[in-house]
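A.B. asks:
There are 2 protein chains.
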Amino acid sequence: MACSRNSLVSFFILGLFTVLISPAISSRVLSSTKRPVNGESRSSVASYCESWRLAVETNNAGTWKVVPSKCVSSLETYYNGGQFDKDYNVVARYALAFAKTVKIGGDGKDAWVFDVDETLLSNLEYYKANGYGSEPYNSKKFHEWVVQGTAPGFDASLKLYTGLKNIGFTIILLTGRDEAERRITEKNLHDAGYFGWEHLLLRGHEDQGKAAVKYKSEQRSRMVKKGYILHGNTGDQWSDLQGFAVADRSFKVPNPIYYIA
Amino acid sequence: MACSRNSLVSFFILGLFTVLISPAISSRVLSSTKRPVNGESRSSVASYCESWRLAVETNNAGTWKVVPSKCVSSLETYYNGGQFDKDYNVVARYALAFAKTVKIGGDGKDAWVFDVDETLLSNLEYYKANGYGSEPYNSKKFHEWVVQGTAPGFDASLKLYTGLKNIGFTIILLTGRDEAERRITEKNLHDAGYFGWEHLLLRGHEDQGKAAVKYKSEQRSRMVKKGYILHGNTGDQWSDLQGFAVADRSFKVPNPIYYIA
């Protein structure tokens, strides 16, 4: 039989395509988890960083200074891939479910404590621009970001905050921010959609240099002395939740970017 | 020109292969995460279960009865894929690193407390055969497993235990197991490679029905009254670590299979 050179050539190219491209496709699929990073495979770095993040969230890591540089890309994936938001959502849902079981007295003394940074307001934009916590804390630079007052709220914390208000809880905000930052903090919180808190407690002169867990315990203790019942407390740091005058239930929202002693 | 029908046919088949198979390959790659499970995509179930596990490990979930049935396959992957072991290893390394900073007095009073089940001994074999914690706790069935005395140790806890002994810590084992299970527990621990503990504290008659956190706090308190300094405490349950007479540092090893109040 006769056949055109063109058809033969086109089938040949098509055939060659299969032979050459198929392995390339499959190797691309595999290599994303297999390519080594400083001798470690990407998958082993990723699973170490997952373990590291769990150790941080459970407070097993204790005091730590910066995010391991090899875990920065895992954190990017954690935030940009949406798992951080899902994790935060689940915590907020557990908090609201507990809140619904509390008998509200109606005297305004049934209280819920919230931390501010990384609990009600997100500074992720700042940390994205500053190595996702892999760079040492720069108080001057962070203060410059804070006074811009542009930190957004978390959808899940807004839902929780509003849900608690609707149930009848009195909201107490307890932050490590300085008294000098009160105005901008109030404005930022309002712009982010938070309204109607009873107290916004910031560090005064007498609180300078105090460990966060001591400062926050003392402030909660003052609230208890005023007659508030601290049913719940939400914070991104263990130092927001531990110490004395702790709430009946504490909720640790995720923050694998920095640690405050 | 002339050409053989065979070569033409073989090229044709080769060409057809590319066109038909390539999409099949890529769709197979995608579908593993996209296939729906009761309306939810596998990936959204997996990320919910990851959030649920984090909420459990951080104690945000509070009291819970069983593993959500939709998370059983995520737990299988967590254990069989090796992430559980990696998570446990990282906690054990943090614990040993802390232990090395403790100044040992040499009077035998520097102590470390260990829980037993899911901390020194793994009952995973039992739970694998019983729905990975998705079935309600069956005390009779679990007791039958316990008295077999075949629970293996965790590599990481064996390393930690031995490391602490070498540093000079006195080991106190504090378990919710019954006094009647002392013999088999001692044998199982020895078979798993644990030796030389100072105390093995089990529930006596007076401890029946006590909440774990109360029972364990009372036992730690007794040890403190005996003059022990509780530098560290390792457990898989928050009720192993909280309450009163808590250790200087507590280490929560992972256990997303069951909760003990």
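Residue numbers (the numbering used here), protein chains in the order written: chain W, 1 to 261; chain A, 1 to 261.
Backbone N, C-alpha and C fix where the C-beta goes; we use that ideal spot for every residue, glycine too.
Note that the structure is a prediction, hence the values are computed from the model and not measured.
Any C-beta of chain W within less than 8 Å: which residues of the stretch 71 to 98 of chain A qualify?
C.D. replies: Gly-82, Gln-83, Lys-86, Asp-87, Asn-89, Val-90, Val-91, Tyr-94, Ala-95 and Phe-98
A.B. asks: Between W/Thr-58 and chain A, is there a C-beta pair that is closer than 9 Å?
C.D. replies: Locating residue 58 of chain W in the first sequence gives position 58, where the first residue counts as 1. Among the CB atoms of chain A, one or more fall inside 9 Å of the CB of W/Thr-58.
A.B. asks: When the cut-off is 9 Å and only beta carbons count, does A/Tyr-258 lie next to chain W?
C.D. replies: Residue 258 of chain A sits at position 258 when you count from the first residue of the second sequence. A/Tyr-258 does not count as touching chain W.
A.B. asks: Please tell me whether W/Glu-125 and W/Ile-257 are closer than 9 Å, where the distance is taken between their beta carbons.
C.D. replies: Counting from one through the first sequence, the residue named residue 125 of chain W turns up at place 125. Counting from one through the first sequence, the residue named residue 257 of chain W turns up at place 257. No. Outside cutoff.
A.B. asks: In the stretch 43 to 54 of chain A, which residues sit with their C-beta less than 8 Å from some C-beta in chain W, listed in chain order?
C.D. replies: Ser-47, Tyr-48, Glu-50, Ser-51, Trp-52 and Leu-54
A.B. asks: What does a CB cutoff of less than 7 Å around W/Glu-206 pick up in its chain, not counting 5 residues either side in sequence?
C.D. replies: Along the first sequence, read from residue 1 onward, the residue named residue 206 of chain W stands at position 206. The same chain holds no residue with a CB closer than 7 Å to that of W/Glu-206 once the five nearest residues on each side in sequence are set aside.
A.B. asks: Are the stretch 225 to 241 of chain W and the stretch 156 to 175 of chain W touching by the rule of at least three beta carbon pairs closer than 8 Å?
C.D. replies: yes
A.B. asks: Let me check you understand the geometry: is the CB of W/Lys-214 closer than 8 Å to at least one non-hydrogen atom of the ligand ZN?
C.D. replies: Among the components modelled here there is no ligand, and therefore nothing to report on the ligand ZN.
A.B. asks: Can you give the Cα-Cα distance for A/Thr-264 and A/Val-146, rounded to whole angstroms?
C.D. replies: In this structure chain A extends from 1 to 261, so residue 264 of chain A is not present and cannot be described.
A.B. asks: Output the residue ranges of the beta strand (DSSP E) runs that lie fully inside the stretch 218 to 259 of chain A and measure 3 residues or longer, sorted by chain position.
C.D. replies: Listed in chain order, they are 229 to 235 and 249 to 252.
A.B. asks: Of the choices W/Ser-122, W/Val-224, W/Ser-134 and W/Val-113, whose alpha-carbon is the least far from that of W/Leu-75?
C.D. replies: By one-based count along the first sequence, residue 75 of chain W stands at place 75. Taking only the C-alpha atoms, the option nearest W/Leu-75 is W/Ser-134.
A.B. asks: Quick check on A/Gly-235: buried or exposed, where buried means 16 or more other Cβ atoms within 10 Å of its Cβ?
C.D. replies: On the second sequence, residue 235 of chain A is found 235 positions in, with the first residue counted as 1. Buried is the call here.
A.B. asks: Could you work out which residues of chain A lie near W/Lys-252, taking near to mean beta carbons separated by less than 7 Å?
C.D. replies: Along the first sequence, one-based indexing puts residue 252 of chain W at 252. Against W/Lys-252, the close residues of chain A are Thr-58 and Asn-60, in the order they occur along the chain (beta-carbon pairs closer than 7 Å).
A.B. asks: Starting from A/Val-113, follow the beta strand (DSSP E) in both directions and report where the run begins and ends.
C.D. replies: Translated into positions along the second sequence, residue 113 of chain A becomes position 113. Per DSSP, A/Val-113 belongs to the beta strand (DSSP E) from 110 to 114.
A.B. asks: Within 10 Å of its beta-carbon, does W/Ser-41 have 16 or more other beta-carbons around it, so buried, or fewer, so exposed?
C.D. replies: Residue mapping note: residue 41 of chain W aligns to position 41 of the first sequence, counting from 1. Burial call: exposed.
A.B. asks: List the residues of chain A that W/Arg-220 touches, going by C-beta distances under 9 Å, in chain order.
C.D. replies: In the first sequence, the residue the question calls residue 220 of chain W occupies position 220. Near W/Arg-220 there are no residues of chain A at all, since even the closest Cβ is about 18 Å away, more than 9 Å.
A.B. asks: Express the C-alpha separation of A/Asp-107 and A/Gly-82 in angstroms, rounding to a whole number.
C.D. replies: In the second sequence, residue 82 of chain A corresponds to position 82, counting from 1. In the second sequence, residue 107 of chain A corresponds to position 107, counting from 1. Taking the straight line from one Cα to the other gives about 40 Å.
A.B. asks: Determine whether the Cβ of A/Arg-183 lies closer than 9 Å to any Cβ atom of chain W.
C.D. replies: By one-based count along the second sequence, residue 183 of chain A stands at place 183. Not one chain W Cβ lies under 9 Å of A/Arg-183.
A.B. asks: Can you list, in chain order, the residues of its chain whose CB lies under 6 Å from that of W/Asp-87, leaving out five sequence neighbours each side?
C.D. replies: As a position in the first sequence, residue 87 of chain W is number 87, starting the count at 1. Excluding positions up to five away in sequence, the list reads Pro-254.
A.B. asks: Are the CB atoms of A/Asn-123 and A/Ala-151 nearer to each other than 9 Å?
C.D. replies: For the purposes of this step, residue 123 of chain A is identified with residue 123 of the second sequence, where counting begins at 1. For the purposes of this step, residue 151 of chain A is identified with residue 151 of the second sequence, where counting begins at 1. Against a cut-off of 9 Å, the Cβ pair of A/Ala-151 and A/Asn-123 comes out as a contact.
A.B. asks: With A/Thr-175 as the anchor, note down where its beta strand (DSSP E) starts and where it stops.
C.D. replies: Residue 175 of chain A sits at position 175 when you count from the first residue of the second sequence. First-last of the beta strand (DSSP E) with A/Thr-175: 170 to 178.
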